[in-house]
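Taking our numbering, I'd label the letters of the sequence shown as residues 416 to 855. Every residue, glycine too, gets a C-beta built ideally from N, C-alpha and C.
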Amino acid sequence: MTRFESSLRRGLMDANLAQYERVLQDADAAQPDFSPSYLRERMRLLADPWGWMRKREAAGPRRRRRLNWRLIAIAAALLLLSACAYAAATGQFSQWFPRMGADPRDPEISEEVLSRTGTAIEQTQTVDGVTAALNAAVWDGSYLHMSLTVTAPDIPQEVAAETSLYTEECSFSLSEENWKEYVRKDEERGFAEMGGGSQELIERTIQNMLDMGQAGYWNHVGLLNFPLISREGDTLTFEAWIAFDAYLEQPEITLRLKNIATYVDGKGEIRWIGNERTGPGPDVPILRGPIDFTFTLGEPIRPIHYQGAVEVTAEDVPFRFTRFEISVFDMDLDFEVPAPVEYTRPEEYDELKQQNPDKLYDRDVSKAVFGVIQGLWTEDGGYVDLSQRGGGLGSTTAPEGVFGGSVGVSYPHPIDPATVTAVNLNGARVELDELERLAE
């Protein structure tokens with residue numbers, strides 16, 4: 416089983432268990448007690464698991480009395496700025512995150528964007544002859560990526576880029592106060608997006624999340640991933656990532672490395688039941704640890720949101736695009752189909768389409784919408800071709816019967832959202848300044 420398949424299985428099983436556990440526990444409650452944030456992520460994953468995976472691969476310390484925190488903050492800011500300036504000058508972020516790409520016209524611009532949405536960390540620790548280095552983090556306000564290396568003797572020869580390794584005991588956590596604030600803001604946003612809920616229900620859901628503890632919570636909503644992107648001799652390079660929204664200013668994060676190893680059967684098949692892991696365990700150890708890296712994230716380059724009503728037709732399917740999210744690494748567009756759409760099972764589509772060629776089916780919409788986003792223009796007049804880029808799709812039918820959803824596409828390299836001036840939708844140039852820009 417691949418890493419994606421195991422992540423998918425884990426996400427689906429965890430979603431279902433979390434949902435029905437609370438149903439049983441609160442069966443006599445007046446309202447169902449489901450986590451909106453989790454249902455939101457579950458819907459996205461079920462709608463398009465490959466897009467869900469791709470999107471995830473391509474969000475301070477409290478004050479203490481009697482200390483002059485103004486001076487400390489100024490000093491910390493100067494250190495952070497000097498570290499990031501040095502990294503930008505040397506192209507270090509692009510080296511730390513090679514999979515994020517670079518603009519072939521001007522690689523220095525890509526480096527500058529990465530450095531502004533990133534945090535140079537450069538911490539190194541050695542335990543039992545194994546050295547781990549956390550280089551940097553890049554955060555776009557939705558996903559946090561962390562570049563790290565592990566140098567160890569006697570790594571099995573078969574371990575190479577893309578090898579699935581046992582990393583399930585590695586973990587991500589926030590300071591306790593940051594975590595409580597994050598949970599509250601995430602659940603409140605989720606309820607707001609789903610039409611609201613009573614304060615009692617919101618508070619009970621928040622408490623359910625906190626009762627899991629941080630380890631259980633992040634397994635429940637975040638899913639820390641550890642893809643191995645390269646190997647050079649005795650050094651392994653990882654780009655860990657986790658879904659992490661921008662609810663906090665300068666959050667304090669701890670990344671714990673513990674028991675990185677090969678799988679006992681070499682296959683890496685994982686089964687999750689709730690928050691309990693079963694299946695193959697570790698075999699040949701690479702890093703036993705634990706090693707903790709604690710750091711404070713700088714501010715991300717946040718997405719820019721626009722709304723409007725842009726009509727586009729693609730493959731005879733009418734679309735109305737209503738919301739545009741332009742971020743550093745990708746764009747997501749919300750759409751509606753102002754025409755009747757019928758759902759069908761995949762195995763029935765060909766026969767039904769042949770019998771009813773004039774009818775519009777959900778598969779027709781999915782095929783057409785993936786080709787709509789063809790590119791974007793930047794303020795310097797440059798054009799970025801997105802016609803061959805991967806993306807994700809989530810769809811649903813509103814209560815009034817309107818078929819709609821969200822489609823996304825990833826960029827070949829980082830782009831400052833503020834420099835994007837227009838989007839190419841199936842050959843039509845859509846000027847963003849003619850849409851309504853929403854407040855952050």
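- DSSP places phenylalanine 785 outside both helix and strand once states are collapsed to three, so it counts as coil.
- Ranked by how close their Cα comes to the Cα of valine 574, the residues Thr834, Arg804, Asp649 have Asp649 in first place.
- Serine 525: not part of any beta strand (DSSP E); member of the alpha helix (DSSP H) spanning 522 to 531, first to last residue.
- When rounded, the separation of the alpha-carbon atoms in tyrosine 558 and alanine 655 is 10 angstroms.
- Spanning the alpha carbons of glycine 631 and phenylalanine 587 requires a straight line of approximately 11 angstroms.
- DSSP places histidine 635 inside the alpha helix (DSSP H), whose first and last residues are 628 to 636.
- From the listed residues Glu794, Gly696, Arg703, the smallest Cα separation to alanine 837 is found for Glu794.
- With a threshold of 16 other beta carbon atoms within 10 Å, threonine 541 falls short and is exposed.
- DSSP, read as helix, strand or coil, puts isoleucine 716 in coil.
- Counting along the chain, no beta strand (DSSP E) covers glycine 605; the unbroken alpha helix (DSSP H) around it starts and ends at 591 to 608.
- For phenylalanine 641, the closest C-alpha among the options Leu775, Asp800, Gln510, Thr582 is that of Thr582.
- Here the C-alpha atom of aspartate 698 lies approximately 17 angstroms from the C-alpha atom of leucine 643.
- In the DSSP assignment, the residues bridged to phenylalanine 750 are Phe736, Gly820.
- A check of alpha carbon separations from phenylalanine 734 across Gly612, Gly820, Ile716, Ala607 identifies Gly820 as the nearest.
- By the neighbour-count criterion, in which 16 or more other beta carbons inside 10 Å mark a residue as buried, arginine 852 falls on the exposed side.
- Note on methionine 609: under 16 other CB atoms within 10 angstroms of its CB, so exposed under the neighbour-count rule.
- Note that the region 529 to 538 touches the region 705 to 717; at least 3 beta-carbon pairs, one per stretch, sit closer than 8 angstroms.
- Look at the beta carbons and you see the region 764 to 772 not touching the region 780 to 796: under three pairs across the two are nearer than 8 angstroms.
- The straight-line gap separating the alpha-carbon atoms of glutamine 770 and arginine 760 is approximately 15 angstroms.
- Counting other Cβ atoms within 10 Å of its Cβ, tyrosine 678 reaches 16 or more and is therefore classed as buried.
- Here isoleucine 716 really is in contact with valine 528; their C-beta atoms are around 7 angstroms apart, less than 8 angstroms.
- DSSP, reduced to helix, strand and coil, places proline 697 within a strand of the structure shown.
- Relative to the Cα of histidine 720, the nearest Cα in the group Pro700, Asp745, Val727, Val636 belongs to Asp745.
- DSSP lists Gly790 as the beta-bridge partner residues of aspartate 800.
- Here alanine 547 is near isoleucine 706, since their CB atoms are less than 8 angstroms apart.
- For aspartate 707, the enclosing beta strand (DSSP E) covers residues 706 to 711.
- Per DSSP, the unbroken alpha helix (DSSP H) holding phenylalanine 508 starts and ends at 507 to 511.
- In this structure, DSSP gives glutamine 572 a state outside helix and strand, which the three-state scheme calls coil.
- One thing to note: leucine 672 has its Cβ within 8 angstroms of the Cβ of leucine 702.
- CA-to-CA, the gap between glycine 809 and valine 752 works out to about 13 angstroms.
- Judged by beta-carbon spacing, valine 598 lies within the 8 angstroms limit of isoleucine 621, meaning their Cβ atoms are closer than that value.
- Judged by DSSP secondary structure, glutamate 577 falls outside any alpha helix (DSSP H); it is assigned neither H nor E.
- Following the DSSP letters along the chain, one finds tyrosine 764 inside the alpha helix (DSSP H) bounded by residues 761 to 770.
- Taken atom to atom, the span from the alpha-carbon of glutamine 538 to that of serine 509 is near 18 angstroms.
- The residue among Ser742, Gln665, Gly796, Glu855 with its C-alpha nearest the C-alpha of asparagine 593 is Gln665.
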